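Visitor: Sharing a structure below in structure tokens format, with a few things to ask.
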Amino acid sequence: MWTPPGQNQSWVSEFILLGFSGDPTFNRILFISFLLLYLSSVLGNGLIIALICLDIQLHTPMYFFLCILSLLDMGCVTTTMPQMLVHLLARSQTISFASCWLQMYVFGALGLTECIFFVVMAYDRYVAICHPLHYTVVLSWGLCIRLAAGTWACGFFFSLIHTFLTMRLPYCGPNVVNHYFCEGPSVRSLACMDTHLIEMVDLVISVFMVVAPLSLILASYIRIGQTIIKIKSTQGRCKAFSTCASHVTVVTLFYAPATYIYMRPNSSYSPEQDKQISLFYNVFTAFLNPVVYSLRNKDIKGAFLKVMGWGRVPW
């Protein structure tokens, strides 16, 4: 619904999130599927956080950063999924203007924080492989905490700019958002005025928060690759490569769909396609990250077995 027109414009008081389907039977199937994905994501990331906190041998910069990544993934998926699950079963799919504002801000803040945080994790791998003897000196706990706090501050600050500019636009109706949550481009497409200027601001933010981090990550891995090539033993090269493979995998899973969504003009907005793509960097990334890190990491496996009382992993 929206309020009657005022002197200059009308104001939407709530939005309707269209979701994925209007078929009740199909929605129940989606509810079960997404509920299992959500619970698996929360449990998987929560388990990694718990293992890192409980096992003192995992109290290193690498696992400190992994713990924060799991926390960000849990936050992102929890910002959107519970409401989507409710809407799949409920008759009403409305969300108030204030709730939409809050959801957009928190999701954007966590997503932007994760964008920058991947750079911090790449730097951690660069120091570990290119300067292993100075690893604990360079990445002191003080620096680790400052890097983590800085990424969170940047994410929440730039998300505030993006959300403020988007939600201050005049929304005169219709108020149907063709998405499963209040994502910036999908809500902005309903505005009653030209959004070209705000698109340009968002593009600048995207360049700073997406292109710049990707460039730094690429530069880090170029240096890492040069160092790995110089390692004489095959076993040493494989071990060095293995420590980076998980990070490269999750960076690809996150950045590929997110870049497509946020680094293109509003004129190419495709609601149905965007809903499906956003599932990858929101839901599936949070689900796959614990799998990627746990399956390829002997320390995580060993910590799990030790917490369960089964001793050290035998391999």
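According to the numbering used here, the stretch in the sequence shown is residues 1 to 315, in order. Don't be surprised by glycine CBs; every beta carbon is placed ideally from N, CA and C. Predicted, not measured: the structure shown is a model, and the values here were computed from it.
Hey, quick one: how far does the alpha helix (DSSP H) through S278 stretch, first residue to last?
Guide: P271 to L279
Visitor: Report yes or no: is there a C-beta of chain B within less than 8 Å of the C-beta of L17?
Guide: Structure shown: chain B not included; a single protein chain is present.
Visitor: With DSSP run on the structure shown, which of helix, strand or coil describes E320?
Guide: The structure shown has nothing for residue 320, since the chain only spans 1 to 315.
Visitor: At which residues does the alpha helix (DSSP H) containing L58 begin and terminate?
Guide: Run containing L58: none; DSSP gives neither H nor E here.
Visitor: So, under 8 Å CB-CB, Y255 and L214 are touching, yes? Tell me the CB distance rounded to an integer number of Å.
Guide: 6 Å
Visitor: Is the segment 16-29 touching the segment 47-63, taking contact as three or more C-beta pairs under 8 Å?
Guide: no
Visitor: Quick one: what's got a C-beta closer than 6 Å to Y63's C-beta in the same chain, skipping five residues either side?
Guide: I52
Visitor: Let me know the alpha helix (DSSP H) ranges lying completely inside the segment 34-111, each 4 residues or longer, listed in chain order.
Guide: Entirely contained in the segment 34-111, the alpha helix (DSSP H) runs reaching 4 residues are, in chain order, 61-89.
Visitor: Based on the DSSP output, what are the partners of I16 in its beta bridges?
Guide: DSSP, once it has assigned bridges, lists T94 and V176 as partnering I16.
Visitor: Would you check if the segment 154-174 and the segment 129-145 touch, i.e. whether three or more CB-CB distances between them fall below 8 Å?
Guide: no
Visitor: Out of V106, D274, A286 and F34, point me to the one whose CA is closest to V250's CA.
Guide: Nearest of V106, D274, A286 and F34 to V250, Cα basis: A286.
Visitor: Suppose contacts are defined by Cβ-Cβ distances below 8 Å. Is I16 in contact with V176 by that definition?
Guide: yes
Visitor: Would you tell me roughly how many angstroms separate the C-alpha atoms of D194 and M200, rounded to the nearest one?
Guide: 12 Å
Visitor: Whole-angstrom Cβ separation of F65 and M121, contact assumed at under 8 Å?
Guide: 5 Å
Visitor: So is C244 buried or exposed if we call it buried at 16+ other beta carbons inside 10 Å?
Guide: So C244 ends up on the buried side.
Visitor: Is the segment 76-87 close to the segment 98-112, with three or more CB pairs under 8 Å?
Guide: yes
Visitor: Buried or exposed: where does I224 fall if 16 or more other Cβ atoms within 10 Å of its Cβ makes it buried?
Guide: Looking at its Cβ environment, which holds 16 or more other Cβ atoms inside 10 Å, I224 is buried.
Visitor: What are the start and end residues of the alpha helix (DSSP H) that includes M167?
Guide: W141 to M167
Visitor: Roughly how many whole angstroms lie between the Cα atoms of F304 and R188?
Guide: 45 Å
Visitor: The alpha helix (DSSP H) spanning I222 covers which residue range?
Guide: A212 to K230
Visitor: Give the straight-line distance between the Cα atoms of S294 and C144, rounded to the nearest whole angstrom.
Guide: 22 Å
Visitor: On the three-state DSSP scale, how would you describe D23?
Guide: coil
Visitor: Looking at C-alpha atoms only, which residue of L39, G309 and K301 is the closest neighbour of L58?
Guide: K301
Visitor: Could you compute how far the alpha carbon of G108 sits from the alpha carbon of L139?
Guide: 28 Å
Visitor: Spatial neighbours of Y87 within its chain, please: C-beta separation below 8 Å, excluding the five flanking residues on both sides.
Guide: Correcting the residue type first, residue 87 is His in the shown sequence and not Tyr. Cβ within range, chain order: L17, G19, Q93 and Y180.
Visitor: How should H162 be labelled, buried or exposed, when 16 other C-beta atoms within 10 angstroms of its C-beta is the threshold for buried?
Guide: buried
Visitor: Looking at the unbroken alpha helix (DSSP H) that takes in D202, where does it start and where does it end?
Guide: H196 to S206
Visitor: So C115 and V210 are supposed to be a Cβ contact under 8 Å. How far apart are they, rounded?
Guide: Correct: roughly 6 Å between the Cβ atoms.
Visitor: Please say whether L197 and V119 have beta carbons closer to each other than 8 Å?
Guide: No, these two residues do not count as a Cβ contact at 8 Å.
Visitor: Please classify C115: does DSSP put it in a helix, a strand, or coil?
Guide: helix
Visitor: If you check the beta carbons only, do L110 and G75 fall under 8 Å apart?
Guide: It is a contact, given that the beta carbons lie within the stated cut-off.
Visitor: For I277, which residues in the same chain have their Cβ closer than 8 Å to its Cβ, ignoring the five residues on either side in sequence?
Guide: P257, Y260 and I261
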